[in-house]
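Visitor: Protein sequences, first through last, are from chains A and B.
Going by the numbering used here, the letters in the first sequence line up with residues 25 to 387, in that order.
Going by the numbering used here, the letters in the second sequence line up with residues 691 to 946, in that order.
Let me begin by handing over the structure; questions about it come next.
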Amino acid sequence: MIEFRSISAAAGSFRLDSISLKIPRGDCHVIVGPTGAGKTFLLETLIGLRSPESGAILLEGREITGFPPHKRQIAFVPQDTCLFPTMTVRDNVLYGVRANGIEPTEVAPFLEHLVEFLRIGHLLDRWPQNLSGGEKQRVALARALVTKPVLLVLDEPFSAIDHSFREEIRRLLKSLLEEFRMTTLIVTHDHDEAFFLGNHISIMMDGRILQSGSRDDIYSYPRSFAAASFFGIKNVFPGKVLEITDTGVVLLWESVHQTVAVPCRCRHKYAAGQSVHFGIRPEAVYIMRADKRQDEKKNVFPGIITKIFLRGKMHTLLVEIGFETKIQIEIDIHDAAVRKMGLQEQMEIRISLEPKWIFLISE
Amino acid sequence: MLKKLTIGITFGIFTLYLLLVLSLFAFINPSKLVQALGSERVLFSVMLSLKAAVIATSLSMLLAVPAAYALSRYEFPGKRIVDVLLELPLVVTPISLGAMVLIFFQTRIGELVQAHGVSVVFEFPGIILAQFLTTVGIAVRTMKNTFDGISPRYEMVACTLGATPPWAFLTVTLPMAKTGMLAATILTFAKCIGEFGATIMLAGAMPMKTETLPISIFMRVGSADIEGMALMILILLSVGLSVLFVLRFVLTVKYD
Chain A
25 MIEFRSISAA
35 AGSFRLDSIS
45 LKIPRGDCHV
55 IVGPTGAGKT
65 FLLETLIGLR
75 SPESGAILLE
85 GREITGFPPH
95 KRQIAFVPQD
105 TCLFPTMTVR
115 DNVLYGVRAN
125 GIEPTEVAPF
135 LEHLVEFLRI
145 GHLLDRWPQN
155 LSGGEKQRVA
165 LARALVTKPV
175 LLVLDEPFSA
185 IDHSFREEIR
195 RLLKSLLEEF
205 RMTTLIVTHD
215 HDEAFFLGNH
225 ISIMMDGRIL
235 QSGSRDDIYS
245 YPRSFAAASF
255 FGIKNVFPGK
265 VLEITDTGVV
275 LLWESVHQTV
285 AVPCRCRHKY
295 AAGQSVHFGI
305 RPEAVYIMRA
315 DKRQDEKKNV
325 FPGIITKIFL
335 RGKMHTLLVE
345 IGFETKIQIE
355 IDIHDAAVRK
365 MGLQEQMEIR
375 ISLEPKWIFL
385 ISE
Chain B
691 MLKKLTIGIT
701 FGIFTLYLLL
711 VLSLFAFINP
721 SKLVQALGSE
731 RVLFSVMLSL
741 KAAVIATSLS
751 MLLAVPAAYA
761 LSRYEFPGKR
771 IVDVLLELPL
781 VVTPISLGAM
791 VLIFFQTRIG
801 ELVQAHGVSV
811 VFEFPGIILA
821 QFLTTVGIAV
831 RTMKNTFDGI
841 SPRYEMVACT
851 LGATPPWAFL
861 TVTLPMAKTG
871 MLAATILTFA
881 KCIGEFGATI
891 MLAGAMPMKT
901 ETLPISIFMR
911 VGSADIEGMA
921 LMILILLSVG
931 LSVLFVLRFV
941 LTVKYD
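So this is what it looks like as structure tokens:
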């Protein structure tokens, strides 16, 4: 278990503001945020390159806040891998073993397993300069893992890899972390990467953690405008709490003169008459088929498709709803569904905002 | 157009130097060259120059590497002043630098150093000190540029793998700085072997004692011995170029 307890640190005018985080053993936690959020700064504090002003870092219950990097047992893979160019791949991989005074023969079975898993056996006698981005990343992972660190830290692990190989390396990393049950902290600005790799995710912005939670929770229920905006969710609208029910809240969507039911465990936080915002991910908006009644659907609105942006596998539809005030809703929909339903611009449709996918922002 | 112009300028510079070297042969008699190479005085000059340059270069590099590393990696009080002072040998002429050392040895501290340490003025250590002082700043500057070009993250990664900072420096950064070290060593050695101004101020021009190759050339100018001067210049050129060639050959490592 790795724990940050109210870590605050400063570099120039930038501040890390009371960061608290717990990563259980074997978990893969991803910190996702835009460039300049302070992700790398936080990593540098974690691996011992920067001293926090206050707070504590605990690794397996032991405080390591004042420890130098070489005593922390935290292996770090930077975004450009930093393989040592004056050593062969084999010497790179064995660097940590030798630096810790361990005989390479002692780690031979583990190393063999690692080399086989990462498919780098044929690269061992080559120089890092002659490897592709993906190969470098695999070697850097082997080098970091061979010393069996308590925590593996990866900074933007796929940024230097060609797009065509990125998916392959992502899958390999995911299986690797599962195979070796490695406690891992990854920082990235890429949402897809975060949701693919992380069991738990934290959103970081301006030196603060905005929200932490499970992958599904973070994916579907951002709790702030900043978080929703970072994930590119444009379907965020103002509403007013009409009533609190046993299972959630009922909102009045004033712009379209209609109510919206939202199941919510934290309904006690809200009061009738309170202004809130609610939102939904574009892929969670359901387009109802004209040939089916689907009475069970809730939060149903008639609308018209104003624009279809075709982009390969998934397309984006802009749908206008409302009478006096026109509201635009973005819908991401699979290519096959567009074809099957024969969706076209200016077509009248009905959409449903599936209650369980609606999130509330009370800022 | 640009290609032709730049290559033309390159060849222009090369031709200029080549003309200077070839003009030496107008005054060199091959039989006298062989005779001169066997003479005790010429051999003494060659050996003295080589010995002094090797020791001064080694000393310069030995101190330049850690100093440059500190300037490149750490922040400390007075860093800017130190950085500016490194340019001293470039701003002050070697003769002035030699004179400054002479003046220093006239002070009480200087006298104390002379009395309790190595005697420097008009002695072999004076040659080494003169060469060292004129080159160490340049060596530090060259090595600092080298370390500036190596991302500190390599060491950072090495440390997270369990290496102590000195071990990370020795096993990761220093091998990566090899090309820069080669450049600094070549530059330092070339400056040392051709050093004249500071050497003559500190060690004087004494035949068979402090007569390095540049001083030997100077002494022959004094006696209007143009043939002897041309010979010594050719020897200086050959010794310098040979050592630089060997250095380049020995220290260049390719990783592929």
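Glycine included, every Cβ here is placed at the ideal spot set by N, Cα and C.
Note that the structure is predicted; figures quoted are calculated from it, not measured.
Quick check for students: name the residue ranges of the beta strand (DSSP E) that lie wholly in the stretch 173–210 of chain A, counting only runs of 3 or more.
Guide: DSSP runs (the beta strand (DSSP E)) wholly in the stretch 173–210 of chain A: 175–179.
Visitor: Thinking C-beta only, is R247 of chain A closer than 9 Å to F38 of chain A?
Guide: Here residue 38 of chain A corresponds to residue number 14 of the first sequence, with the count starting at 1. Here residue 247 of chain A corresponds to residue number 223 of the first sequence, with the count starting at 1. Result no, Cβ atoms of F38 of chain A and R247 of chain A do not sit closer than 9 Å.
Visitor: Hey, could you find the ends of the alpha helix (DSSP H) C849 of chain B is sitting in?
Guide: Reading the second sequence from its first residue, position 159 is the one you call residue 849 of chain B. Taken as a continuous stretch (DSSP letters only), the alpha helix (DSSP H) holding C849 of chain B covers R843 to T850.
Visitor: Return the chain-ordered ranges of every alpha helix (DSSP H) run that is complete within the stretch 856–943 of chain B and spans a minimum of 4 residues.
Guide: 868–883, 887–893, 903–912 and 916–941
Visitor: Near R194 of chain A, what residues of its chain come up, given a Cβ to Cβ distance below 8 Å and the 5 sequence neighbours on each side ignored?
Guide: On the first sequence, residue 194 of chain A is found 170 positions in, with the first residue counted as 1. Only F182, E217, F220 and L221 meet the Cβ criterion.
Visitor: Could you check what DSSP says for F134 of chain A in three-state terms: helix, strand or coil?
Guide: Position 110 of the first sequence holds residue 134 of chain A. Here F134 of chain A sits in helix by DSSP.
Visitor: Would you check if the stretch 715–729 of chain B and the stretch 926–933 of chain B touch, i.e. whether three or more CB-CB distances between them fall below 8 Å?
Guide: At 8 Å Cβ cutoff, the stretches do not touch.
Visitor: Beta-carbon of M866 of chain B versus every beta-carbon of chain A: anything under 9 Å?
Guide: To locate residue 866 of chain B, count along the second sequence from 1; it is residue 176. Closer than 9 Å: yes.
Visitor: Could you please give me the residues that DSSP links to V300 of chain A through a beta bridge?
Guide: Position 276 of the first sequence, counting from 1, holds the residue named residue 300 of chain A. DSSP lists A:G263 as partners of V300 of chain A.
Visitor: Using a beta-carbon distance cut-off of less than 7 Å, what residues from the stretch 850–865 of chain B approach chain A?
Guide: T850, L851, G852, A853, T854, W857, V862 and P865
Visitor: Just the C-alpha distance for L860 of chain B and R167 of chain A, rounded to the nearest angstrom, thanks.
Guide: Taking the second sequence and counting its residues from 1, one reaches residue 860 of chain B at position 170. Taking the first sequence and counting its residues from 1, one reaches residue 167 of chain A at position 143. Those two C-alpha atoms are separated by around 19 Å.
Visitor: Is S37 of chain A helix, strand or coil by DSSP?
Guide: Position 13 of the first sequence, counted from the first residue, corresponds to residue 37 of chain A. Of the three classes helix, strand and coil, the one that applies to S37 of chain A here is coil, per DSSP.
Visitor: Looking at V284 of chain A and L377 of chain A, is the spacing between their C-beta atoms short of 9 Å?
Guide: By 1-based counting over the first sequence, the position of residue 377 of chain A is 353. By 1-based counting over the first sequence, the position of residue 284 of chain A is 260. For L377 of chain A and V284 of chain A, yes; Cβs fall inside 9 Å.
Visitor: Compare the C-beta of V101 of chain A against all C-beta atoms of chain B and say whether one is closer than 9 Å.
Guide: In the first sequence, residue 101 of chain A corresponds to position 77, counting from 1. So, interface residue.
Visitor: Please specify which runs of the alpha helix (DSSP H), each continuous and at least 4 residues long, are wholly inside the stretch 807–847 of chain B, giving them in chain order.
Guide: 814–838
Visitor: Using 8 Å for Cβ pairs, my map puts R938 of chain B next to L872 of chain B. What's the rounded Cβ distance?
Guide: As a working mapping, residue 938 of chain B is identified with position 248 in the second sequence. As a working mapping, residue 872 of chain B is identified with position 182 in the second sequence. With 8 Å as the limit, R938 of chain B and L872 of chain B qualify as a contact, their Cβ atoms being about 7 Å apart.
Visitor: Give a yes or no on whether 9 Å exceeds the smallest Cβ distance from M111 of chain A to chain B.
Guide: For this step, residue 111 of chain A is matched to residue 87 along the first sequence. Judged by the 9 Å Cβ criterion, M111 of chain A is in contact with chain B.
Visitor: Out of A:I353, A:K316 and A:R313, state which residue places its alpha-carbon closest to the alpha-carbon of I332 of chain A.
Guide: Here residue 332 of chain A corresponds to residue number 308 of the first sequence, with the count starting at 1. Among A:I353, A:K316 and A:R313, the Cα nearest to that of I332 of chain A is on A:I353.
Visitor: Return the chain-ordered list of same chain residues with a C-beta closer than 7 Å to the C-beta of K380 of chain A, the five sequence neighbours on each side being excluded.
Guide: The count along the first sequence starts at 1 and reaches residue 380 of chain A at position 356. Once the five neighbours on either side are set aside, the close Cβ partners of K380 of chain A are P287.
Visitor: Cβ of I304 of chain A within 9 Å of Cβ of I227 of chain A?
Guide: Here residue 304 of chain A refers to the residue found at position 280 of the first sequence. Here residue 227 of chain A refers to the residue found at position 203 of the first sequence. Cβ atoms of I304 of chain A and I227 of chain A: not closer than 9 Å.
Visitor: I'd like to know whether the C-beta of R96 of chain A is nearer than 9 Å to at least one C-beta of chain B.
Guide: Sequence index remark: in the first sequence, residue 96 of chain A carries index 72 (1-based). Yes - at least one Cβ of chain B is within 9 Å of the one on R96 of chain A.
Visitor: Determine, for V929 of chain B, whether the minimum Cβ-Cβ distance to residues of chain A falls below 9 Å.
Guide: Your numbering for residue 929 of chain B matches position 239 in the second sequence. No, V929 of chain B does not count as interfacial toward chain A.
Visitor: Where in the stretch 292–377 of chain A do unbroken runs of the beta strand (DSSP E), each at least 3 residues long, occur, reported from the N-terminal end onward?
Guide: Entirely contained in the stretch 292–377 of chain A, the beta strand (DSSP E) runs reaching 3 residues are, in chain order, 299–304, 309–312, 324–333, 338–345, 351–358 and 372–377.
Visitor: Using 8 Å for Cβ pairs, my map puts M866 of chain B next to T110 of chain A. What's the rounded Cβ distance?
Guide: Residue mapping note: residue 866 of chain B aligns to position 176 of the second sequence, counting from 1. Residue mapping note: residue 110 of chain A aligns to position 86 of the first sequence, counting from 1. Contact between M866 of chain B and T110 of chain A holds: their C-beta atoms lie close to 6 Å from each other, under 8 Å.
Visitor: Any beta-carbon of chain A closer than 9 Å to the one on V940 of chain B?
Guide: In the second sequence, the residue the question calls residue 940 of chain B occupies position 250. It does not; no Cβ of chain A falls within 9 Å.
Visitor: F108 of chain A versus chain B: which residues are under 9 Å apart at the beta carbon?
Guide: Working through the first sequence from its first residue, we reach residue 108 of chain A at position 84. Under the 9 Å cutoff, chain B gives Y844, V847, A848, T861, V862, P865 and M866.
Visitor: Can at least three beta-carbon pairs, one atom from the stretch 190–204 of chain A and one from the stretch 151–164 of chain A, be found at a separation below 8 Å?
Guide: yes
Visitor: Does the beta carbon of S809 of chain B sit closer than 9 Å to a beta carbon anywhere in chain A?
Guide: Translated into positions along the second sequence, residue 809 of chain B becomes position 119. Cβ-Cβ to chain A under 9 Å: no for S809 of chain B.
Visitor: Determine the direct distance from the alpha carbon of S30 of chain A to that of G231 of chain A, and round the result to whole angstroms.
Guide: Taking the first sequence and counting its residues from 1, the one referred to as residue 231 of chain A is at position 207. Taking the first sequence and counting its residues from 1, the one referred to as residue 30 of chain A is at position 6. Roughly 12 Å between the two C-alpha positions.
Visitor: I need the DSSP call for T112 of chain A, collapsed to helix, strand or coil.
Guide: Residue mapping note: residue 112 of chain A aligns to position 88 of the first sequence, counting from 1. Here DSSP, grouped into helix, strand and coil, assigns T112 of chain A to coil.
Visitor: Between B:V933, B:I923 and B:V940, which lies nearest to L710 of chain B when the distance is taken from Cα to Cα?
Guide: Here residue 710 of chain B refers to the residue found at position 20 when the second sequence is read from its first residue. Nearest of B:V933, B:I923 and B:V940 to L710 of chain B, Cα basis: B:I923.
Visitor: Could you name the residues of chain B that R289 of chain A contacts, counting a contact when the two beta carbons are closer than 8 Å?
Guide: As a first step, residue 289 of chain A is located in the first sequence; it is residue number 265 there, counting from the start. Those within 8 Å of R289 of chain A in chain B number zero; the least Cβ separation is about 41 Å.
Visitor: Secondary structure at M228 of chain A, three-state DSSP: helix, strand or coil?
Guide: As a position in the first sequence, residue 228 of chain A is number 204, starting the count at 1. Of the three classes helix, strand and coil, the one that applies to M228 of chain A here is strand, per DSSP.
Visitor: When you check each C-beta in the stretch 77–93 of chain A against every C-beta of chain B, which residues fall closer than 8 Å?
Guide: Cβ contacts with chain B: P92 and P93.
Visitor: Could you compute how far the alpha carbon of A308 of chain A sits from the alpha carbon of Y844 of chain B?
Guide: Position 284 of the first sequence, counted from the start, is the residue given in the question as residue 308 of chain A. Position 154 of the second sequence, counted from the start, is the residue given in the question as residue 844 of chain B. If I take the Cα positions, the gap works out to 45 Å.
Visitor: For R167 of chain A, which residues in chain B fall below 8 Å Cβ to Cβ?
Guide: Here residue 167 of chain A corresponds to residue number 143 of the first sequence, with the count starting at 1. Neighbours of R167 of chain A on chain B, chain order: L851.
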